[in-house]
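In this note's numbering, the protein residues as written are 49 to 621.
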């Protein structure tokens with residue numbers, strides 16, 4: 049039987065999709081082809097030499113041919129054995145040129161006369177060189193789609209989605225000995241000016257140039273991603289031996305990125321050049337979340353930008369504004385216990401911001417909170433308190449075990465509620481400390497405007513769904529929030545002192561309000577805490593109403609973390 053093997057490599061877009069197959073003369077007997085299919089050839093089809101000059105090659109499908117040769121009753125080989133293979137060939141099989149694209153191959157599959165079968169590939173002389181199987185076309189299309197989803201189309205960097213996937217994997221690897229992960233958050237300082245002054249085509253050129261220059265400075269295992277707009281991120285893994293100086297290495301990476309972007313690109317006009325602000329963060333625990341790592345680096349980047357740009361800042365360093373504020377204003381976190389009056393144990397604590405005065409005493413933080421609100425730093429300051437509270441909780445749990453307070457309550461300022469990054473900021477701050485989320489409860493002041501609470505609903509729902517508790521504070525001081533009480537994702541309410549005092553003094557309206565709040569709490573399955581309890585009679589009034597968790601001067605003023613440890617475990621005193 050005369051046959052030749054088609055080439056093993058095909059140039060052009062189809063590349064390795066083309067499979068070499070046997071090419072036989074049309075006069076070859078079906079018996080010879082049958083023998084070869086069963087003993088020599090493993091391909092899904094073979095090609096038949098055209099019967100006339102310039103004609104189309106024929107295609108014989110392995111499965112169809114063997115079915116025909118078997119026949120319905122086993123007589124197929126007797127009927128077809130001596131006939132030429134040309135009689136059974138498909139002479140109208142779709143043709144692809146070796147320079148055809150993947151898209152053209154897919155179109156032929158969709159429009160072919162018999163639907164889903166092998167495609168014939170010919171060269172520049174119209175000679176058959178191989179086949180392309182449909183399954184390989186479909187797989188190539190799927191691979192291309194996945195690649196496009198994983199790549200930012202403008203810069204060629206990883207897409208945000210793909211970067212998050214890779215960062216997730218890198219963080220998980222820390223637990224298997226990788227050591228640490230550096231995240232660098234890069235924000236260009238002049239993209240808007242370039243777009244406004246020269247047009248978006250030059251802005252796009254700047255983004256492509258920046259991605260290229262960053263990539264040239266990276267190690268083979270580093271990952272560069274575009275987060276969107278003018279923001280990029282770099283992820284670098286460190287081996288265990290480099291963990292001790294991870295922060296120094298993170299700063300060096302940030303400085304390298306700044307230098308790469310600040311270096312003028314001769315292909316861009318001077319007005320299309322830019323510098324960058326870079327924030328770097330280091331994750332050393334496999335418990336670190338992607339949100340926490342990105343948020344920490346992002347916040348450090350904003351600190352670099354606030355310093356004038358073209359700078360690098362390390363997350364958690366003293367350059368961060370909340371830490372600077374706390375140090376300059378002598379801020380501290382004190383704790384007031386929440387007591388279970390039935391057992392007498394400290395079941396929770398409320399973290400309270402305090403300011404150390406010149407005489408060494410602690411004052412309320414009203415002026416600092418007002419300054420923070422004016423500077424747009426309310427959420428930053430809340431995060432500072434939250435971070436320290438979580439770390440103190442971890443210390444209590446480590447030293448006290450089962451008798452440690454179960455939950456720390458941390459207040460959120462009204463301005464923090466309307467911050468668009470509230471949920472990610474809160475969760476990232478908690479996760480960065482390593483404290484399980486279930487040990488934190490955020491307190492929302494009932495004095496917050498109903499409009500602010502409504503606006504914050506989606507963020508609060510995200511926080512609650514992540515396992516963090518939420519309490520409505522000061523309930524009863526005004527009753528505006530009752531209108532949306534059943535919409536708030538809360539698990540506790542704290543009854544305002546004004547109601548407690550009034551009910552103890554037998555003020556009819558306060559007695560009714562207290563009764564209403566208790567019934568509401570019970571019907572909604574909420575934990576109830578009485579606030580501002582100072583007298584024995586006030587405690588008795590609350591207990592009679594069904595409230596057993598209380599907080600106030602009757603039990604303790606706000607005290608340092610070490611004092612909470614003594615109160616929770618008197619034997620340690």
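Note that beta-carbon positions come from the ideal geometry of N, C-alpha and C, so glycine has one too.
Predicted model only: the values in this text are computed from it and were never measured.
Candidates the options: which alpha carbon is nearest residue i's?
i	options	result
residue 438	446, 409, 483	483
residue 92	607, 100, 112, 79	112
residue 521	509, 565, 306	565
residue 293	330, 600, 339	330
residue 581	617, 359, 467, 384	384
residue 588	573, 552, 227	552
residue 461	432, 120, 436, 125	432
residue 436	398, 418, 275, 466	398
residue 127	82, 258, 451, 357	82
residue 302	557, 358, 269	358
residue 270	444, 596, 214	214
residue 289	257, 228, 275, 232	228
residue 207	405, 280, 404	280
residue 101	175, 249, 558	175
residue 314	298, 258, 344, 287	258
residue 316	99, 254, 497	254
residue 389	519, 517, 597	597
residue 283	350, 266, 349	266
residue 66	183, 140, 124, 99	183
residue 466	378, 344, 590, 497	497
Less than 8 Å between the C-beta atoms of residue i and residue j, yes or no?
i	j	result
residue 18	residue 188	Past the edges of the chain, shown from 49 to 621, lies residue 18, and the structure says nothing about it.
residue 336	residue 480	yes
residue 230	residue 328	yes
residue 278	residue 353	no
residue 272	residue 217	no
residue 544	residue 574	no
residue 478	residue 489	no
residue 426	residue 463	yes
residue 381	residue 319	no
residue 504	residue 533	no
residue 613	residue 448	yes
residue 261	residue 308	yes
residue 326	residue 342	no
residue 363	residue 347	yes
residue 576	residue 548	no
residue 77	residue 151	no
residue 394	residue 468	no
residue 525	residue 546	yes
residue 429	residue 403	no
residue 212	residue 360	no
residue 69	residue 94	yes
residue 491	residue 537	no
residue 387	residue 603	yes
residue 578	residue 590	yes
Taking DSSP's pairing of strands, which residues face residue i in a bridge?
i	result
residue 169	144, 178
residue 457	398, 489
residue 521	493
residue 261	Its beta-bridge partners do not exist; DSSP assigns none.
residue 287	Beta-bridge pairing links residue 287 to no other residue.
residue 280	234, 274
residue 607	383
residue 361	327
residue 542	577
residue 598	387, 578
residue 132	77
residue 199	206
residue 67	179
residue 229	285, 331
residue 138	107
residue 185	Residue 185 is not bridged to any residue.
Any heavy atom of the ligand SAH within a distance shorter than 7 Å of the CB on residue i?
i	result
residue 238	With respect to the ligand SAH, the structure offers nothing, as it holds no ligand at all.
Can you list, in chain order, the stretches of the alpha helix (DSSP H) that have 4 or more residues and sit fully within the segment 373-451?
-> 414-422, 426-448
Can you find at least 3 beta carbon pairs, one from the segment 90-108 and one from the segment 126-146, that sit closer than 8 Å?
-> yes
Could you tell me which uninterrupted alpha helix (DSSP H) segments, each at least 4 residues in length, are contained entirely in the segment 78-112, listed from first to last along the chain?
-> 78-87
At least three beta-carbon pairs within less than 8 Å, the segment 139-150 to the segment 167-185 | Yes, they touch.
Inter-stretch contact (C-beta, 8 Å, three-pair minimum) for the segment 590-610 and the segment 411-418 | With a cut-off of 8 Å, the segment 411-418 and the segment 590-610 do not count as touching, because too few Cβ pairs lie within range.
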